[in-house]
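The opening position of the sequence shown corresponds to residue 41 in the numbering used here, with each subsequent residue numbered one higher. The C-beta atom is built at its ideal place from N, Cα and C for all residues, glycine as well. Since this is a predicted model, take the numbers as computed values, not measurements. Accompanying notes for the structure given below.
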Amino acid sequence: MRARVYLDWNATAPLRAEARAAMISAMDVVGNPSSVHAEGRAARALVEKARAQVAAAVGCKPAEVVFTSGATEAAAVLGRLPVGCVEVDPTAHDCLWSQRRDGEGRRAIGWGYANNETGVISEAPDRAAGVPLMLDIVQAVGKVPFSFAWSGAELAVVSAHKFGGPKGVGALIIRDGVEIVSALTGGGQEMGRRAGTENIVGIAGMGAAAEAAQRELEAGVWDEVAEFRNILETALSSGAKDTISVGKGGPRLPNTLCLIAPGWKGETQVMAMDLAGYAVSAGSACSSGKVRASRVLQAMGYDTALASQAIRLSLGPGVEKDVVLRFADTWLAQYRKALDRAA
Ligand code: PLP
Numbered sequence: 041m042r043a044r045v046y047l048d049w050n051a052t053a054p055l056r057a058e059a060r061a062a063m064i065s066a067m068d069v070v071g072n073p074s075s076v077h078a079e080g081r082a083a084r085a086l087v088e089k090a091r092a093q094v095a096a097a098v099g100c101k102p103a104e105v106v107f108t109s110g111a112t113e114a115a116a117v118l119g120r121l122p123v124g125c126v127e128v129d130p131t132a133h134d135c136l137w138s139q140r141r142d143g144e145g146r147r148a149i150g151w152g153y154a155n156n157e158t159g160v161i162s163e164a165p166d167r168a169a170g171v172p173l174m175l176d177i178v179q180a181v182g183k184v185p186f187s188f189a190w191s192g193a194e195l196a197v198v199s200a201h202k203f204g205g206p207k208g209v210g211a212l213i214i215r216d217g218v219e220i221v222s223a224l225t226g227g228g229q230e231m232g233r234r235a236g237t238e239n240i241v242g243i244a245g246m247g248a249a250a251e252a253a254q255r256e257l258e259a260g261v262w263d264e265v266a267e268f269r270n271i272l273e274t275a276l277s278s279g280a281k282d283t284i285s286v287g288k289g290g291p292r293l294p295n296t297l298c299l300i301a302p303g304w305k306g307e308t309q310v311m312a313m314d315l316a317g318y319a320v321s322a323g324s325a326c327s328s329g330k331v332r333a334s335r336v337l338q339a340m341g342y343d344t345a346l347a348s349q350a351i352r353l354s355l356g357p358g359v360e361k362d363v364v365l366r367f368a369d370t371w372l373a374q375y376r377k378a379l380d381r382a383a
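The structure is reproduced here in structure tokens:
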């Protein structure tokens with residue numbers, strides 16, 4: 041039997057060896073980073089090392105990094121900017137934007153810089169003076185060059201498990217000088233911005249993964265990923281002419297292919313490919329388990345039927361050319377069968 045093939049890197053990436061090693065050694069660190077004794081200082085040193093590693097990968101200052109339990113919590117930590125209505129901006133092709141209002145009615149814009157379903161990269165819209173911008177750079181970090189310093193955003197959210205760190209750890213990046221009122225108060229950790237004893241094992245893993253991811257990015261590893269994604273895209277779209285490759289030709293993550301297969305439901309595609317040995321996704325993992333058309337694709341103008349017939353293939357380093365070509369053969373054969381059954 042062939043080994044399974046993992047093509048769902050946007051849902052989560054495999055743990056990097058560097059992250060695993062850092063986590064294993066952090067498990068033996070006894071101290072609490074807030075303690076002043078030697079054991080505490082050793083734990084503190086580990087957290088600060090990781091803070092510098094994450095800052096280097098994100099292009100911000102170490103002091104701008106606040107560790108959280110993930111990107112979702114990073115956004116929720118902003119106590120005075122509670123999650124409000126999430127709207128689809130009709131002018132913004134594929135990105136969901138949310139507007140949050142604080143007690144004084146100030147708005148913040150939350151903007152997905154790289155979309156997890158389509159891989160499409162889009163800059164945030166212009167905003168009025170005084171409206172803070174929070175960028176979701178979860179999918180961008182480690183896959184494309186990004187600099188928080190140059191982005192102009194006040195805030196950004198990051199998640200370790202998307203670039204080979206452990207799940208359940210992430211960061212809120214807060215621009216120097218921007219004040220937030222944290223929803224998590226208590227012990228005053230993270231300079232009063234995220235109370236709670238630090239998850240030093242997860243943080244050490246995140247730091248090591250960030251450093252390895254940055255090194256890999258600079259070495260051009262993702263250029264080859266893009267090449268294989270393009271080979272896959274060509275094989276699928278030339279074998280099935282009615283398919284639509286979403287976002288092709290525009291700025292996109294190097295690893296992502298969102299393909300609409302008219303007449304074949306996304307969930308059915310996922311099940312068929314799972315049985316054939318491939319892990320793929322029908323849409324964002326955040327909404328998986330729920331059978332519904334992709335909101336992102338609908339916002340881009342696809343009708344409900346097409347928006348429920350998409351598959352997301354997301355590659356990573358090490359996914360070889362012969363693997364993507366074999367996937368294409370299998371998928372095309374299954375698609376033909378599905379269309380025959382429907383005829
Ligand atoms: N933002 C994007 C674009 C994502 O793809 C995800 C994926 O899970 C999240 C945020 C949530 O991150 P976390 O799982 O760390 O809460």
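A direct Cα-Cα distance of roughly 30 Å separates residue 277 from residue 186. Within the stretch 187-256, complete alpha helix (DSSP H) segments of at least 4 residues are found at 188-191, given in chain order. Inclusion of residue 199 and residue 110 in the CB contact set at 8 Å is warranted, their separation being smaller than that value.
Taking C-beta atoms as the reference points, residue 99 and residue 188 count as a pair closer than 8 Å. Relative to the ligand PLP, the nearest heavy atom lies less than 7 Å away from the CB of residue 112. Counting along the chain, residue 351 sits inside no alpha helix (DSSP H); it lies in the beta strand (DSSP E) bounded by residues 350-354. Ranked by Cα distance from residue 174, the first of 181, 216 and 151 is 151. In the three-state DSSP reduction, residue 105 falls in the strand class (E or B). With 16 or more other Cβ atoms inside 10 Å of its own Cβ, residue 206 counts as buried. In this structure, residue 295 has its CB at a distance of at least 7 Å from all heavy atoms of the ligand PLP.
At a Cβ-Cβ threshold of 8 Å, residue 356 and residue 270 do not count as neighbours.
Of the residues assessed, residue 360 falls on the exposed side of the cut-off, its CB having fewer than 16 other CB atoms within 10 angstroms. The Cβ-Cβ distance between residue 249 and residue 95 does not fall below 8 Å. Checking the 7 Å criterion, the Cβ of residue 239 is out of range of every heavy atom belonging to the ligand PLP. DSSP places residue 150 in the strand class (E or B) of the three-state scheme.
Residue range 261-279 is occupied by the alpha helix (DSSP H) that includes residue 276.
In this structure, the CA atom of residue 244 is about 47 Å from the CA atom of residue 281. For residue 238, the number of other beta carbons within 10 angstroms of its own is at least 16, and it is reported as buried. Straight-line spacing of the CA atoms in residue 195 and residue 216 works out to 10 Å. DSSP places residue 365 in the helix class (H, G or I) of the three-state scheme.
Secondary structure of residue 86 (DSSP, three-state): helix.
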